[in-house]
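Residues in the sequence shown are numbered from 1 upward in steps of one, following the UniProt record's numbering.
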Amino acid sequence: SKMKNYLILLSTDAPKTPTVSVRSPPGVIKEGSSVSLTCSSEANPVAKYTWSKVTTGHSPGHTVQGQQLSFHPIQSSHSGQYLYGPKRTFVRPSRPGEIMEGGSVTLSCSSDANPAAKYTWFKDNQPLLWEPRRPYTLDSVSSKDRGTYRCQARNQYGYLGSNSVFINVQCKWKTIIIVTSLARKREDNIKPDIFDRVNSDANPAADYTWFKDNQPLPWEPRRPYTLDPVSSKDRGTYRCQAENQYGYLGSNSVFIDVQYAPKTPSVSVRPPGEIKEGGSVTLSCSSDANPAADYTWFREHGGSVEELGENYTISNITTELGGNYYCEARNAVGLQNSTLILMQRFYSICDWLK
Numbered sequence: 001s002k003m004k005n006y007l008i009l010l011s012t013d014a015p016k017t018p019t020v021s022v023r024s025p026p027g028v029i030k031e032g033s034s035v036s037l038t039c040s041s042e043a044n045p046v047a048k049y050t051w052s053k054v055t056t057g058h059s060p061g062h063t064v065q066g067q068q069l070s071f072h073p074i075q076s077s078h079s080g081q082y083l084y085g086p087k088r089t090f091v092r093p094s095r096p097g098e099i100m101e102g103g104s105v106t107l108s109c110s111s112d113a114n115p116a117a118k119y120t121w122f123k124d125n126q127p128l129l130w131e132p133r134r135p136y137t138l139d140s141v142s143s144k145d146r147g148t149y150r151c152q153a154r155n156q157y158g159y160l161g162s163n164s165v166f167i168n169v170q171c172k173w174k175t176i177i178i179v180t181s182l183a184r185k186r187e188d189n190i191k192p193d194i195f196d197r198v199n200s201d202a203n204p205a206a207d208y209t210w211f212k213d214n215q216p217l218p219w220e221p222r223r224p225y226t227l228d229p230v231s232s233k234d235r236g237t238y239r240c241q242a243e244n245q246y247g248y249l250g251s252n253s254v255f256i257d258v259q260y261a262p263k264t265p266s267v268s269v270r271p272p273g274e275i276k277e278g279g280s281v282t283l284s285c286s287s288d289a290n291p292a293a294d295y296t297w298f299r300e301h302g303g304s305v306e307e308l309g310e311n312y313t314i315s316n317i318t319t320e321l322g323g324n325y326y327c328e329a330r331n332a333v334g335l336q337n338s339t340l341i342l343m344q345r346f347y348s349i350c351d352w353l354k
């Protein structure tokens with residue numbers, strides 16, 4: 001088959017969990033009739049099969065080699081128990097759907113195996129410490145119990161994993177925050193930004209604590225939080241926490257973006273000190289602005305645009321390039337020139353010798 005071709009070319013696999021099928025006359029098997037047991041397993045190379053009949057307890061007795069075990073004719077002495085690894089392994093919860101916080105749920109694992117299988121439980125693919133033959137019970141469920149559970153059945157003849165069951169823990173109360181005036185404000189627009197319609201499903205009614213960038217804010221516990229007038233320092237991430245005597249819960253976070261014109265730019269020079277003719281220097285300009293500023297460099301009195309960008313590099317310096325330079329920071333809100341005007345005149349060695 002195609003599968004065998006792929007297996008031969010690409011990989012070698014240990015035998016998968018065997019399955020057993022029975023071919024016999026319908027109804028009760030009578031002495032003298034023919035019965036065949038067939039064992040099959042996907043494996044590469046092809047697996048070898050051994051049949052064992054239990055003679056005492058769960059101890060295997062006489063063994064037979066081969067994929068098929070046939071009885072022609074079957075006799076009463078052939079009656080008995082035949083060993084096989086787990087198959088048809090399932091997990092079932094005691095109650096379907098969401099589990100309320102504080103409730104309980106029991107997960108049962110079942111598998112057809114002989115001898116009876118022992119079970120290992122997993123949550124989110126991590127093994128759990130639990131007795132191997134007991135159902136898995138979650139008492140006083142909390143949010144940390146939320147996850148995907150499964151079991152694995154195992155005996156000395158093999159193992160098989162079950163289906164997965166997702167346990168969703170529903171909180172007793174939720175808190176949400178809705179912001180109505182989220183439009184970006186300019187500093188010169190003094191209309192307030194108001195957080196309103198702060199909703200929390202809690203009984204008794206909750207008190208609220210406000211946070212900005214995870215730092216608590218001083219504010220009355222039942223009032224919406226008002227920013228009036230808005231300034232650049234109000235830019236940040238806001239959230240609230242609802243609390244009553246039965247617990248507390250944090251809200252979603254909302255980012256308030258306050259736009260403002262560039263602050264006075266600062267200017268730096270690299271490298272500092274004297275620069276000889278033929279050398280180079282880089283002027284850098286930076287400013288606090290939201291949205292980020294664009295920069296333009298000017299030469300004083302010349303009025304011409306020298307360079308666009310935060311950095312302006314003058315290469316192969318000559319005395320003609322000496323003078324006063326400044327930068328302009330501009331965004332959609334406004335503009336600002338650097339107050340620190342660079343007054344650096346460049347001299348060549350030849351000039352000193354004249």
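Glycine included, C-beta positions come from ideal geometry on N, C-alpha and C. Since we're looking at a predicted model, the values are computed, not measured.
Proline 132 and asparagine 125 have their C-alpha atoms roughly 17 Å apart.
According to DSSP, leucine 283 shares a beta bridge with Val269, Tyr312. Unbroken beta strand (DSSP E) stretches of 3 residues or longer found wholly inside the stretch 216 to 247: 236 to 244, given in chain order. In the three-state reduction of the DSSP assignment, leucine 128 falls in the coil class, being assigned neither a helical nor a strand state. A Cβ-Cβ contact shorter than 8 Å links valine 267 with leucine 283.
Judged by their CB atoms, phenylalanine 90 and serine 162 are nearer to each other than the 8 Å cut-off. Boundaries of the beta strand (DSSP E) around asparagine 155: 147 to 155. Between threonine 19 and lysine 87, the C-beta gap is smaller than 8 Å, which places the two residues in contact.
For aspartate 288, no beta strand (DSSP E) segment is defined, and its DSSP state is neither H nor E.
C-alpha of glycine 103 to C-alpha of proline 135: approximately 17 Å in a straight line. Under DSSP, asparagine 337 takes part in a beta bridge, and its partners are Glu328.
Judged by DSSP in its simplified three-state form, lysine 144 adopts helix.
Distance from the Cα of isoleucine 317 is smallest, within the candidate group Asp207, Val281, Cys285, for Val281. Non-local C-beta neighbours of tryptophan 130 in its own chain, meaning closer than 6 Å and more than five positions away in sequence, comprise Trp121, Tyr136, ordered along the chain. Sixteen is the threshold: since fewer than 16 other Cβ atoms of the shown chains lie within 10 Å of the Cβ of serine 21, the residue is exposed. Glutamate 307 is not a Cβ neighbour of serine 286, given a cutoff of 8 Å. Sequence-distant Cβ neighbours of tryptophan 219 in its own chain, meaning closer than 7 Å and more than five residues away, are Trp210, Tyr225. Exclusion of the five residues before and after serine 94 leaves Val105, Thr106 as the residues of its chain whose Cβ lies within less than 6 Å of its Cβ.
Judged by DSSP secondary structure, glutamine 75 falls outside any beta strand (DSSP E); it is assigned neither H nor E. In this structure, alanine 332 keeps its C-beta atom at 8 Å or more from the C-beta atom of proline 265. With respect to proline 73, serine 40 sits apart: the two C-beta atoms are not nearer than 8 Å. By the neighbour-count definition (other C-beta atoms within 10 Å, threshold 16), proline 262 is a buried residue. One thing to note: aspartate 213 has its Cβ within 8 Å of the Cβ of glycine 236. With distances taken between CA atoms, tyrosine 248 lies nearest to Pro204 out of Gly278, Leu160, Pro204.
Bounds of any beta strand (DSSP E) do not take in asparagine 168, whose DSSP letter is neither H nor E.
Taking the C-beta atoms as reference points, arginine 154 is found no nearer than 8 Å to asparagine 168.
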